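*Asks:*
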Amino acid sequence: MDLISALFPTLFAKTFFILGTQLFVTWLAAKATLSKFRQLHDWGTPWITSTTNENRHRDLHVDWKHVATPFYALLIVNFAAFLLLLFWGVKQPLSISFGLFD
105 MDLISALFPT LFAKTFFILG TQLFVTWLAA KATLSKFRQL HDWGTPWITS
155 TTNENRHRDL HVDWKHVATP FYALLIVNFA AFLLLLFWGV KQPLSISFGL
205 FD
């Protein structure tokens, strides 16, 4: 019995572990992205502006043309990883698929 099967004996446990980990990674990436945009705004980057709402919270406005290229590059990489997992990853152990998934 391998370690993954011992830690997660059912498909239900494996699924929620993967989903929980992916949710955490997504939250962490969003937090890091917003922190970086706030830092760039504080440094006076001209393509990031802000307004203050009625609760005195700062709303950032990012010019799309400066983030479009990295956005589309990440979209292509994510789609390629999806296809890789769809056709190749289902035949691999969970540890390999999990490493690619995250």
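Following my numbering, the numbering of the sequence shown begins with 105 at its first residue and continues without gaps.
No residue lacks a Cβ here, since even glycine has one placed at the ideal position from N, Cα and C.
Since this is a predicted model, take the numbers as computed values, not measurements.
My understanding is that LEU179 touches LYS118, with C-beta atoms under 8 Å, so please give their C-beta distance in whole angstroms.
*Replies:* Within the sequence shown, the letter at position 75 stands for residue 179. Within the sequence shown, the letter at position 14 stands for residue 118. About 27 Å; that fails the 8 Å criterion.
*Asks:* Looking at the structure shown, is THR153 part of a helix, part of a strand, or coil, going by DSSP?
*Replies:* Mapped onto the sequence shown, residue 153 falls at position 49. In the structure shown, THR153 sits in a strand (DSSP, three-state: E or B).
*Asks:* Closer than 8 Å by C-beta to ILE108: which residues in its own chain qualify, once you throw out the five before and the five after it? Chain order, please.
*Replies:* Position 4 of the sequence shown, counting from 1, holds the residue named residue 108. Answer for ILE108: LYS118, PRO197, LEU198, SER199, listed in chain order.
*Asks:* CA-CA distance, TRP192 and TYR176?
*Replies:* As a working note, residue 192 is residue 88 in the sequence shown. As a working note, residue 176 is residue 72 in the sequence shown. One C-alpha to the other measures close to 24 Å.
*Asks:* Hey, quick one: how far does the beta strand (DSSP E) through ARG160 stretch, first residue to last?
*Replies:* Stepping through the sequence shown from its first residue, residue 160 is reached at position 56. Run containing ARG160: none; DSSP gives neither H nor E here.
*Asks:* For the structure I just gave you, are there three or more beta carbon pairs, one from the stretch 166-173 and one from the stretch 134-153, closer than 8 Å?
*Replies:* These segments touch.
*Asks:* Note down the Cα distance separating ALA184 from GLY203, rounded to an integer number of angstroms.
*Replies:* Here the question's residue 184 lines up with position 80 in the sequence shown. Here the question's residue 203 lines up with position 99 in the sequence shown. Roughly 15 Å between the two C-alpha positions.
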